[in-house]
Amino acid sequence: MKELRKLYLDETAIIEMPSSINDLSGLHALSLAGCRELRSLPSSIHMKSLEYVCLSGCSKLTEFPEISEVMKVLRVLRLDGTAIKELPSSINNLTGLEELSMRNCRSLVCLPDNICNLACLHYLNLTECSNLSKLPENFGNLTFLGRKEKYAVTALHRYYELCLGLEGGDEEDRCIELEGSGIKQLPFSISCMESLSCNGCKEMTAPFSSWPTWNHQNPTYSLLGKLNLSDCNLLELSDGIAHLSSLETLILRRNKNLESLPAAMNRLGCLERLYLEGCKRLKSIPELSSSILEIKAENCTSLETVSTPQLPCGEQIFFRFFNCFKLVNTNLFIDNVETATDNQENDSVFGRYYHMTMSLPGSDIPDWFNHQSRGSSVTVQLPPNWLANKFLGFAICAISNLRGADNRKNLTSASCCCTLQANDGQDNFSYFPLFHFLDGTDVPLESDHMFLGYTNSRTLRESSCKRKYTEARFRIVVGPDSTTLEDCTWIKSCGVRLFPMSPPFSVDLICNLENRETEISSSAQEGTLERGKEKMAVEVQEEGEECSGGPICCFSLSGCTISLRKRRERKIGRGIGRQRKRMSQGKGNSSHCLSRYLSSLQLSIYTPFEI
């Protein structure tokens with residue numbers, strides 16, 4: 001019998017496994033699946049050749065034996081549906097264990113602390129372990145879980161499941177889930193995991209309330225890239241979420257009592273996707289970091305304000321606010337576009353492709369879109385040299401009368417195409433997506449909605465030749481590709497706004513620090529100057545009045561602070577030089593501000609103008 005390699009006793013009436021099983025030194029696989037009368041195993045096992053053990057369905061088995069010796073080759077241990085209450089601490093002798101499944105072990109109440117030392121473990125299934133109320137404190141040290149395979153974690157009362165996906169291996173499939181558990185808070189150690197789901201944790205109201213306060217001077221290293229807190233009863237997310245510095249995807253769907261998000265969200269410098277569908281009491285979304293690529297907030301019926309994100313660094317941005325009726329008539333899209341255009345003077349932004357789409361309730365095209373038309377197309381007459389290097393891009397608005405839930409096909413196939421008419425009568429056809437919703441939506445649209453898009457000039461510059469165009473026609477079309485396009489019948493009206501950039505003009509800023517006044521003068525046209533003033537918001541701040549080498553005075557210009565400092569290495573001017581010399585010799589009053597000798601500051605300003 002020592003040469004026996006496999007022993008299968010599935011669904012037999014065996015009641016007890018004798019201790020002599022340990023004498024089968026060559027046994028590789030042991031299966032007792034479905035032995036519902038099995039009540040006990042030997043008090044200890046030491047079978048060094050054993051690689052596979054299955055006790056699933058042994059519903060009367062209450063204890064698992066001690067592992068008296070190191071068993072390096074045991075890879076798979078399946079205990080699904082047993083009555084086992086706890087695992088022995090000697091489980092750490094299974095040094096080669098890769099898969100541990102305890103699905104539906106409703107009597108299981110705890111796990112040994114040293115289970116987190118199983119360095120080869122990459123599959124742990126604790127689904128429906130409804131009495132598992134506590135995890136080891138170092139649970140987050142299971143960082144190897146989710147790095148090779150796909151996992152899921154489920155519970156009814158603080159229970160957990162890490163379930164191996166059949167396909168595994170994909171970066172996006174790496175996840176650790178805590179679905180349906182009664183857990184109220186998340187342990188701080190979850191930051192060591194790569195992915196975590198607490199979907200359906202109805203007792204969870206403040207998951208980060210026990211976390212330490214975030215300190216920018218002592219940041220925490222975090223690995224967590226994806227966090228799912230959908231279908232919980234969240235009331236708040238504390239600033240502790242800022243510890244998750246690597247978080248890329250945050251899913252908060254259907255938290256119907258959540259009213260706000262913490263301001264610390266803007267510290268999540270890697271956050272790309274935020275899903276808020278069905279958060280019906282959510283009133284506001286704070287400023288997010290420049291990494292944000294996608295926001296979905298469908299059916300957030302109380303949502304009133306969405307702060308403009310920092311200058312986005314992604315190439316394609318998608319914001320979706322279906323049935324967010326309190327967002328009607330906001331300047332959300334306009335603010336985002338102006339943020340992008342204001343910063344396109346930066347070569348790193350201006351030189352790359354940038355595309356943004358947004359959808360929200362609305363029946364009328366905003367006046368901001370200065371070219372409007374009924375139907376699904378609009379034509380714009382172009383001035384000479386409009387497609388110069390300083391052309392920024394264009395924004396498009398389309399009003400949809402779609403109703404009902406079956407919108408997936410309509411939205412996934414909708415796009416905007418542009419036809420440029422040259423003065424020689426020839427067309428140049430440029431096709432690019434406007435409404436690019438990868439999965440469409442099954443949300444029933446309850447009113448008219450605005451579909452808005454902005455794309456920068458690189459789209460046209462790369463697709464057009466050197467002919468001088470005089471007319472541009474923008475069409476909202478449907479079709480699987482650019483060769484089979486039809487006019488979109490569910491678009492009532494549309495509008496376009498183009499964003500060339502005006503020539504630079506000079507602005508003189510004359511600072512009188514004592515009177516706290518700044519005068520602005522310019523030789524530019526009055527209308528252009530007024531638009532420049534609105535953008536600049538120039539003011540003198542009370543800073544650095546003493547000439548001690550620090551700032552002399554500061555101008556706040558278009559959100560940037562310009563500091564004028566005293567220079568010691570060379571003379572700035574005759575009067576200033578004499579004052580500097582007296583100060584360096586200890587003569588004169590150091591409280592005299594150098595700005596008294598500053599006559600003016602001249603800047604060249606670029607501001608967008610409209611066509």
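Under the UniProt record's numbering, the first residue of the sequence shown is numbered 1, with each subsequent residue one higher.
No residue lacks a Cβ here, since even glycine has one placed at the ideal position from N, Cα and C.
Checklist entry - Can you check whether the CB of Gly-362 is closer than 8 Å to the CB of Val-328? => result yes
Checklist entry - Are Arg-473 and Ser-373 close, meaning C-beta to C-beta below 8 Å? => result no
Next on the checklist: With H, G and I counted as helix, E and B as strand and the rest as coil, what does DSSP make of Ser-230?
Outcome noted: coil
Checklist entry - Near Leu-79, which residues of its chain fall below 6 Å by C-beta distance, leaving aside the five closest residues on each side in sequence? => result Leu-55, Met-102
Checklist entry - For Cys-397, which option in Asn-370, Leu-382, Trp-386 has the closest C-alpha, if you only look at C-alpha atoms? => result Asn-370
Next on the checklist: For Gly-240 and Val-443, what's the separation of their Cα atoms in angstroms?
Outcome noted: 32 Å
Next on the checklist: Is it buried or exposed, Thr-341, if we count other Cβ atoms within 10 angstroms and call 16 or more buried?
Outcome noted: buried
Checklist entry - In three-state terms, what does DSSP make of Leu-100? => result strand
Item to check | Sequence-distant residues of its chain with Cβ nearer than 8 Å to Ile-84 (five each side left out) | outcome: Leu-61, Thr-62, Glu-63, Phe-64, Met-102, Cys-105, Ser-107, Leu-108
Checklist entry - What residues match up with Asp-487 in a beta bridge as DSSP calls it? => result Val-477
Item to check | When Ser-245, Ser-44, Ser-19, Leu-50 are compared against Ser-31, the one with the closest alpha-carbon | outcome: Leu-50
Next on the checklist: Rounded to the nearest angstrom, what separates Leu-229 and Pro-286 at their Cα positions?
Outcome noted: 18 Å
Next on the checklist: Am I right that Leu-276 and Arg-253 are in contact with their C-beta atoms under 8 Å? What's the rounded C-beta distance?
Outcome noted: 7 Å
Checklist entry - Any idea if Thr-455 is buried or exposed, counting beta-carbon neighbours within 10 angstroms, 16 or more meaning buried? => result buried
Item to check | Own chain partners of Asp-10 with C-beta closer than 6 Å, once the 5 adjacent residues on each side are dropped | outcome: Ser-31, Ala-33, Gly-34
Next on the checklist: Classify Ile-15: buried if its beta carbon has 16 or more other beta carbons within 10 angstroms, exposed otherwise.
Outcome noted: exposed
Next on the checklist: Here's a check: name, in chain order, each residue in its chain whose Cβ is nearer than 8 Å to the Cβ of Ser-493, leaving out the five neighbours to either side.
Outcome noted: Ile-365, Gln-372, Ser-373, Arg-374, Gly-375, Ala-398, Ile-399
Checklist entry - What's the C-alpha gap between Met-358 and Arg-497? => result 15 Å
Checklist entry - DSSP three-state call for Ile-251: helix, strand or coil? => result strand
Item to check | Cβ pair Cys-270, Glu-248 closer than 8 Å | outcome: yes
Item to check | Local Cβ density within 10 Å of Arg-5, reported as buried at 16 or more and exposed below that | outcome: exposed
Next on the checklist: Measuring only the C-alpha atoms, how far is Ser-302 from Cys-232?
Outcome noted: 18 Å
Checklist entry - If Arg-320 sits next to Cys-416, beta carbons under 8 Å apart, how far is it from one beta carbon to the other, in whole angstroms? => result No, Arg-320 and Cys-416 are not in contact; Cβ-Cβ is about 17 Å, not under 8 Å.
Checklist entry - Does the distance from the C-beta atom of Ala-395 to that of Val-478 stay below 8 Å? => result no
Next on the checklist: According to DSSP, is Ile-285 part of a helix, a strand, or is it coil?
Outcome noted: strand
Next on the checklist: Given a cut-off of 8 Å on the beta-carbon distance, is the pair Glu-304 and Lys-283 in contact?
Outcome noted: yes
Item to check | Segment limits, beta strand (DSSP E) that includes Arg-273 | outcome: 273–275
Checklist entry - According to DSSP, is Glu-315 helix, strand or coil? => result coil
Checklist entry - Who are the Cβ neighbours of Trp-386 in its own chain at under 6 Å, not counting the five residues just before and after it? => result Pro-500
Item to check | Neighbourhood of Ala-537 by C-beta distance below 6 Å, restricted to the same chain and skipping five residues each side | outcome: The pLDDT assigned to Ala-537 is 41, lower than 50, so where the model puts this residue is not dependable; a value taken from the coordinates is nonetheless given after this. If we look at Ala-537 and ignore the five residues flanking it on each side, it has no Cβ neighbours.
Item to check | Cβ shell of Leu-223 (< 8 Å), same chain only, five flanking positions each side left out | outcome: Thr-143, Ser-191, Cys-192, Met-193, Glu-194, Ser-246
Item to check | In DSSP terms, what Gly-453 is bridged to | outcome: Thr-357, Ile-396
Checklist entry - Beta-carbon separation of Pro-262 and Ser-290 under 8 Å? => result no
Next on the checklist: Using the Cβ count rule (16 or more neighbours within 10 Å means buried), how would you classify Glu-3?
Outcome noted: exposed
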